[in-house]
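Student: Let me begin by handing over the structure; questions about it come next.
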Amino acid sequence: MFGAASVLGTVADSPGQLILARVLMGVGGALIMPSTLSILITVFDEQERPRAIAAWGSVSMLGVVGGPLLGGWLISAYWWGAVFLVNIPIAALAIVAALVLMPESKGPWRKADPLGMVLSVTGMTALVWTIIELPTKGLGHTSTQLTLAVALLALTAFAVWETRTAHPMVPVALFRNRVFTGSSLSLVLLTFANGGLLLVLTQYLQFVLGYTPTGTGLAFTPLAVAALAFNGIGAGLLAKVGTRTLVVLGMLVIAAGSAVLATLTAGDGWGLLTTAMVLMGAGAGLVMPAATTALMGAVPTEHAGVGSALNDTIQQAGAALGVAALGAVLSSTFTSEMPDGAPEAARHAVADALAVAARTGDEGLAAAAREAFTSAMSVTFLVGACGVLAAAALSLLLMRGRKAEAAAKAETARTRDEFATVAGP
Numbered sequence: 002m003f004g005a006a007s008v009l010g011t012v013a014d015s016p017g018q019l020i021l022a023r024v025l026m027g028v029g030g031a032l033i034m035p036s037t038l039s040i041l042i043t044v045f046d047e048q049e050r051p052r053a054i055a056a057w058g059s060v061s062m063l064g065v066v067g068g069p070l071l072g073g074w075l076i077s078a079y080w081w082g083a084v085f086l087v088n089i090p091i092a093a094l095a096i097v098a099a100l101v102l103m104p105e106s107k108g109p110w111r112k113a114d115p116l117g118m119v120l121s122v123t124g125m126t127a128l129v130w131t132i133i134e135l136p137t138k139g140l141g142h143t144s145t146q147l148t149l150a151v152a153l154l155a156l157t158a159f160a161v162w163e164t165r166t167a168h169p170m171v172p173v174a175l176f177r178n179r180v181f182t183g184s185s186l187s188l189v190l191l192t193f194a195n196g197g198l199l200l201v202l203t204q205y206l207q208f209v210l211g212y213t214p215t216g217t218g219l220a221f222t223p224l225a226v227a228a229l230a231f232n233g234i235g236a237g238l239l240a241k242v243g244t245r246t247l248v249v250l251g252m253l254v255i256a257a258g259s260a261v262l263a264t265l266t267a268g269d270g271w272g273l274l275t276t277a278m279v280l281m282g283a284g285a286g287l288v289m290p291a292a293t294t295a296l297m298g299a300v301p302t303e304h305a306g307v308g309s310a311l312n313d314t315i316q317q318a319g320a321a322l323g324v325a326a327l328g329a330v331l332s333s334t335f336t337s338e339m340p341d342g343a344p345e346a347a348r349h350a351v352a353d354a355l356a357v358a359a360r361t362g363d364e365g366l367a368a369a370a371r372e373a374f375t376s377a378m379s380v381t382f383l384v385g386a387c388g389v390l391a392a393a394a395l396s397l398l399l400m401r402g403r404k405a406e407a408a409a410k411a412e413t414a415r416t417r418d419e420f421a422t423v424a425g426p
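Take a look at the structure:
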């Protein structure tokens with residue numbers, strides 16, 4: 002499905018076709034990711050699992066950061082459709098590798114929860130839409146009020162339904178386990194903060210510093226290298242220092258990286274940006290194996306697919322909310338920082354402002370737009386840092402230290418029994 006949707010994306014000649022292709026890619030990706038993690042859980046034992054998850058996370062990070070690098074080069078050398086064309090041979094290779102290398106594993110059959118799926122998708126879509134529209138339309142606009150009402154009603158109905166249905170999409174019993182809840186919230190807030198990183202920094206590098214698409218992709222290399230290195234370090238330290246210590250430490254390192262990013266100006270060089278990216282990558286590398294291992298450890302092995310899907314959904318939800326919320330902060334702050342005399346067409350996005358400046362030859366407008374964007378970026382990264390610090394505090398409160406982890410395993414076993422009863426054969 003992902004490969005076929007990439008073909009559609011390659012030949013798309015309208016925004017509607019491209020959006021449809023991206024939706025189908027999202028469906029394909031949603032089928033791929035839970036399967037990969039659930040296979041790791043069934044193949045590797047408890048001692049091997051942190052390193053396996055670290056390797057899995059490293060490959061994912063390599064894709065996340067390598068994607069913009071390869072995409073930037075393809076756009077510069079060819080045309081925008083090439084970023085989808087390259088997916089097709091990769092998908093074909095992955096299909097062959099899966100058939101040849103992957104062991105098959107199946108968990109007990111579980112009845113689907115179509116109402117829960119509809120309510121969750123409706124609620125999350127409406128919530129993200131509301132957050133994105135809020136800076137430009139305000140809460141007083143009818144459309145914003147309508148989407149907010151839909152979000153609140155759908156998400157409330159989803160929460161109520163999941164506690165009452167015999168076959169919930171999200172087993173509520175899992176959240177009675179403090180380790181599962183703490184790791185889930187940590188991942189949500191981590192991806193919330195990181196979700197806006199690529200969005201904001203890509204614009205800063207291209208529109209403020211004048212990087213090419215290829216140069217922008219290369220600029221994220223320190224983030225990828227640090228994340229890859231510290232994924233392995235984090236997996237090695239997990240058994241020695243415990244989950245809580247590693248997660249809190251990683252969160253504090255990420256918050257420090259966000260704080261450094263908040264100090265960037267239009268005239269700063271490569272050094273400060275590299276320092277911030279190394280901190281962000283190192284922190285993510287410490288957090289991800291620990292939090293993911295803790296989350297998956299609360300789910301019985303035979304239901305690894307459900308736990309893996311929850312892990313993926315939690316991170317996707319955090320990333321979507323992060324892009325929406327931090328993007329809204331960026332947009333609204335940029336508008337407020339622009340001079341009062343700036344044209345209306347230039348007040349809502351730095352790309353629009355620079356386009357107007359290029360068309361009119363107004364160098365003052367271009368300088369003002371870059372300054373306004375840099376100020377807005379600082380506010381955005383400070384908000385992201387606050388989210389990460391909140392995650393660190395929650396992890397400290399909800400997760401247990403090494404001495405209490407033995408007792409936590411007993412609680413996890415009870416949660417597994419409850420979950421198995423709810424999930425059924």
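Taken in order, the sequence shown gives residues 2 to 426; the numbers are from our numbering.
Quick reminder that beta carbons are idealized off the backbone N, C-alpha and C, glycines included.
(1) Looking at ILE33: is its Cβ nearer than 9 Å to the Cβ of THR192?
(2) CB-CB under 6 Å to ALA354, same chain, minus the five flanking residues each way: which ones, in chain order?
(3) What residue range does the alpha helix (DSSP H) around LYS1 cover?
(4) Of all the options LEU116, GLY342, VAL28, PRO136, which has the alpha carbon lying nearest to the alpha carbon of VAL332?
(5) What three-state label does DSSP hand HIS168 in the structure shown?
(6) Exposed or buried, TRP110, counting other C-beta atoms within 10 Å across all chains shown (16 or more means buried)?
(7) For LEU1 and ALA167, what's the separation of their Cα atoms in angstroms?
(8) Would you call the region 299 to 307 and the region 39 to 48 touching, i.e. three or more CB-CB distances under 8 Å?
(9) What's the call for ASP114, buried or exposed, on a 16-neighbour Cβ count within 10 Å?
(10) Short check: CB of LEU296 to CB of ILE255, under 9 Å?
(11) Report the option in ALA377, GLY218, PRO51, GLN146 whose CA atom is closest to the CA atom of GLU338.
(12) Please state whether the Cβ-Cβ distance between GLY243 and ALA320 is less than 9 Å.
(13) Across the region 287 to 296 and the region 239 to 253, are there enough close Cβ pairs to call them in contact, namely three or more that are closer than 8 Å?
(14) What are the start and end residues of the alpha helix (DSSP H) that includes GLY216?
(15) Could you tell me the distance, in whole angstroms, from the CA atom of ALA329 to the CA atom of THR131?
(16) Whole angstroms is fine: what's the gap from HIS142's alpha carbon to ALA127's?
(17) Which residue's Cα is closest to the Cα of ALA155: GLY124, PHE176, GLU134?
(18) When the Cβ atoms of the region 78 to 92 are set against those of the region 7 to 19, are three or more pairs found closer than 8 Å?
(19) Counting C-beta neighbours from all protein chains within 10 Å, is the total for ASP14 16 or more, i.e. buried, or is it exposed?
(20) Pick helix, strand or coil for LEU19, following the three-state DSSP scheme.
(21) For the alpha helix (DSSP H) that contains GLN1, what are its first and last residues?
(22) Please identify the residue among PHE3, ALA31, SER36 whose C-alpha is closest to the C-alpha of ALA22.
(23) Report yes if the C-beta distance between PRO35 and SER309 is below 9 Å; otherwise report no.
Tutor: The answer reads as follows:
(1) For the purposes of this step, residue 33 is taken as the residue at position 32 of the sequence shown. For the purposes of this step, residue 192 is taken as the residue at position 191 of the sequence shown. Against a cut-off of 9 Å, the Cβ pair of THR192 and ILE33 comes out as no contact.
(2) Translated into the one-based positions of the sequence shown, residue 354 becomes position 353. The residues are ALA347, ALA370.
(3) The structure shown does not extend to residue 1, since the chain spans only 2 to 426, so no value can be given for it.
(4) Here residue 332 refers to the residue found at position 331 when the sequence shown is read from its first residue. Here residue 332 is Ser; the residue named in the question, Val, does not match the sequence. With distances taken between Cα atoms, SER332 lies closest to PRO136.
(5) The count along the sequence shown starts at 1 and reaches residue 168 at position 167. DSSP places HIS168 in coil when its eight states are reduced to three.
(6) As a first step, residue 110 must be located in the sequence shown, where it is residue number 109. By the 10 Å Cβ count, TRP110 comes out exposed.
(7) Outside the modelled stretch of the chain, which goes from 2 to 426, sits residue 1, for which no answer is possible.
(8) yes
(9) Position 113 of the sequence shown, counted from the first residue, corresponds to residue 114. Buried.
(10) For the purposes of this step, residue 296 is taken as residue 295 along the sequence shown, with counting starting at 1. For the purposes of this step, residue 255 is taken as residue 254 along the sequence shown, with counting starting at 1. The answer is no: Cβ separation not under 9 Å.
(11) Within the sequence shown, residue 338 is the residue found at index 337, counting from 1. Nearest option by C-alpha distance: ALA377.
(12) If you number the sequence shown from 1, residue 243 lands on position 242. If you number the sequence shown from 1, residue 320 lands on position 319. No, they are not a contact pair.
(13) yes
(14) Within the sequence shown, numbered from 1, the residue matching residue 216 stands at position 215. First-last of the alpha helix (DSSP H) with GLY216: 214 to 220.
(15) Here residue 329 is taken as the residue at index 328 of the sequence shown, counted from 1. Here residue 131 is taken as the residue at index 130 of the sequence shown, counted from 1. For ALA329 and THR131, the distance between alpha carbons rounds to 10 Å.
(16) Start at 1 with the first residue of the sequence shown, and residue 142 comes out as number 141. Start at 1 with the first residue of the sequence shown, and residue 127 comes out as number 126. Those two C-alpha atoms are separated by around 15 Å.
(17) If you number the sequence shown from 1, residue 155 lands on position 154. Measuring from the Cα of ALA155, the nearest candidate turns out to be GLY124.
(18) Touching, yes.
(19) Taking the first residue of the sequence shown as position 1, residue 14 is located at position 13. Label assigned to ASP14: exposed.
(20) By one-based count along the sequence shown, residue 19 stands at place 18. Here LEU19 sits in helix by DSSP.
(21) Residue 1 falls outside the range modelled here, since the chain spans only 2 to 426, and no answer is possible.
(22) Start at 1 with the first residue of the sequence shown, and residue 22 comes out as number 21. Nearest Cα to ALA22 within the set PHE3, ALA31, SER36: PHE3.
(23) The residue labelled residue 35 in the question sits at position 34 within the sequence shown. The residue labelled residue 309 in the question sits at position 308 within the sequence shown. Yes, Cβ-Cβ distance for PRO35 and SER309 is below 9 Å.
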